[in-house]
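Q: Residue numbers (the numbering used here), protein chains in the order written: chain W, -15 to 143; chain B, 711 to 817.
We put the CB at the ideal spot given by N, CA and C, even for glycine.
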Amino acid sequence: MNRRGFLKKTGLAGAALAASRFLPAWAQAATVPTVEEVQDIEHLDEGLKEVLGIDFAKLEPSDKVTINAPEIAESGANVPVEIVSELAPSEVKGIHCFVDKNPFPHIFSMSLGPKAAQTYFATRIRIGETAPVRIVVETTDGRYLLASHVTRVTVGGCG
Amino acid sequence: MALILIRFSPSKPKKGELVKVSVVVRHPMEPGTRKDENGQIIPANYITELEVTHGGERVALVNPGRGVSANPLFAFMVKAEPGEVKVRYTDTAGETGEKSKTLKVAE
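1. Quick check: the region 6 to 20 of chain W against the region 95 to 103 of chain W, are at least 3 beta-carbon pairs closer than 8 Å?
2. Cβ of residue 96 of chain W less than 8 Å from any chain B Cβ?
3. How big is the Cα-Cα spacing for residue 739 of chain B and residue 727 of chain B?
4. In whole angstroms, give me the CA-to-CA distance for residue 47 of chain W and residue 105 of chain W.
5. Just mark residue 805 of chain B as buried or exposed, buried being the case when its beta carbon has 16 or more other beta carbons within 10 Å.
6. Smallest Cα separation from residue 815 of chain B: which of B:715, B:720, B:716, B:714?
7. Is the beta carbon of residue 729 of chain B less than 8 Å from the beta carbon of residue 788 of chain B?
8. Restricting to Cα atoms, I'd like to know which of W:125, W:116, W:128, W:124 is closest to residue 52 of chain W.
9. Since residue 92 of chain W contacts residue 81 of chain W with CB under 8 Å, what's their CB separation in whole angstroms?
10. Would you tell me roughly how many angstroms separate the C-alpha atoms of residue 744 of chain B and residue 734 of chain B, rounded to the nearest one?
11. Does the Cβ of residue 736 of chain B have 16 or more other Cβ atoms within 10 Å, making it buried, or fewer, making it exposed?
12. Would you mind stating whether residue 776 of chain B and residue 742 of chain B have Cβ atoms separated by less than 8 Å?
13. Answer yes or no: does any C-beta atom of chain B fall closer than 8 Å to that of residue 115 of chain W?
14. Cutting at 8 Å between CB atoms, please list the residues of its own chain near residue 27 of chain W, excluding the five before and the five after it.
15. So, are the CB atoms of residue 107 of chain W and residue 784 of chain B less than 8 Å apart?
16. Mind listing which residues of the region 775 to 803 of chain B have their C-beta closer than 8 Å to chain W's C-betas, in chain order?
17. Just checking my contact of residue 120 of chain W with residue 43 of chain W at CB under 8 Å: how many whole Å lie between their CB atoms?
18. Who are the neighbours of residue 167 of chain W on chain B, taking C-beta pairs under 8 Å?
19. Starting from the C-beta of residue 38 of chain W, find all residues in its chain whose C-beta is less than 6 Å away, skip the five residues before and the five after it, and write them out in chain order.
20. Who are the Cβ neighbours of residue -3 of chain W in its own chain at under 8 Å, not counting the five residues just before and after it?
21. Name the one or two DSSP bridge partners that residue 44 of chain W has.
22. Does the beta carbon of residue 131 of chain W come closer than 8 Å to any beta carbon on chain B?
23. Mind pulling the chain B residues with CB within less than 8 Å of residue 102 of chain W?
24. Give me the chain W residues within the contact set of residue 808 of chain B, using Cβ-Cβ distance strictly less than 9 Å, ordered along the chain.
25. Which of helix, strand or coil does DSSP assign to residue 89 of chain W?
In structure tokens, the structure reads:
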């Protein structure tokens, strides 16, 4: 049985008991796991190095960056992600998005121009399996501000 | 050429108000990891660059990767000033698309 079919079946109430032996705690209780429970820094680093030439240790967790995204997404194929920051667009060099466990962890990069009225961007992304969505805001003074948000995915969006 | 939709919210803003510009492109955004019914990998084809301008000046430049959804949506904030909002994109197949819509502002 493949993972996808397995997850589908175990979602059924009748199979819940049998599944409890195989699934991690967060998957048994229908809750959203913490970032630490589902992160994959090693894989994320591959994307960070390729796109920004830095690794995870260089990122500064910051409350100046907010991610608005669902906690649970039935399908990972189309997950809305909204990014808002109090930083002025002129202080932002780039906004980069990664998902730890996607086959290709880099999702997009973008930059704001002189006509952007706010540090704001929204799009829809694919999430392969339950994992943290990472937004890295690269500032003009050379810092990398990080926000993380876990979206629990019932059906993956990459295959 | 793929269909591009541009929407302003609010649609008739007052001068100086914040306006959300939503752009939707009808594009498969094939990540290159999916298989067809015969088990063959569907080749990657996704938008690599999308630029939005307002009155000839840049609002944003987006470089999506394989992880952006099919028929992608991109939204930005601009200030309500009359002028043309223009969107253009390029994908991995070298296809390009362009669309403009005039932002009207109530006095």
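A: Let's see:
1. Fewer than three Cβ pairs drawn from the region 95 to 103 of chain W and the region 6 to 20 of chain W lie within less than 8 Å of each other, which leaves the two stretches out of contact.
2. So, interface residue.
3. Residue 727 of chain B has its alpha-carbon roughly 33 Å from the corresponding atom of residue 739 of chain B.
4. 17 Å
5. Looking at its Cβ environment, which holds fewer than 16 other Cβ atoms inside 10 Å, residue 805 of chain B is exposed.
6. B:720
7. Yes; because the gap between Cβ atoms is below 8 Å, this pair is in contact.
8. W:116
9. 5 Å
10. 22 Å
11. By the 10 Å Cβ count, residue 736 of chain B comes out exposed.
12. yes
13. no
14. 84, 85, 89
15. yes
16. Residues passing the 8 Å Cβ filter: 775, 776, 777, 778, 779, 780, 782, 783, 784, 785, 786, 787, 788, 789.
17. 6 Å
18. What is shown of chain W runs -15 to 143, which leaves residue 167 of chain W out entirely.
19. 32
20. Since pLDDT at residue -3 of chain W reaches only 47, below the 50 mark, its modelled position is unreliable, and no value is offered.
21. W:129
22. no
23. 728, 787
24. Contact note: residue 808 of chain B does not reach chain W at a C-beta cutoff of 9 Å; the least C-beta distance is about 17 Å.
25. coil
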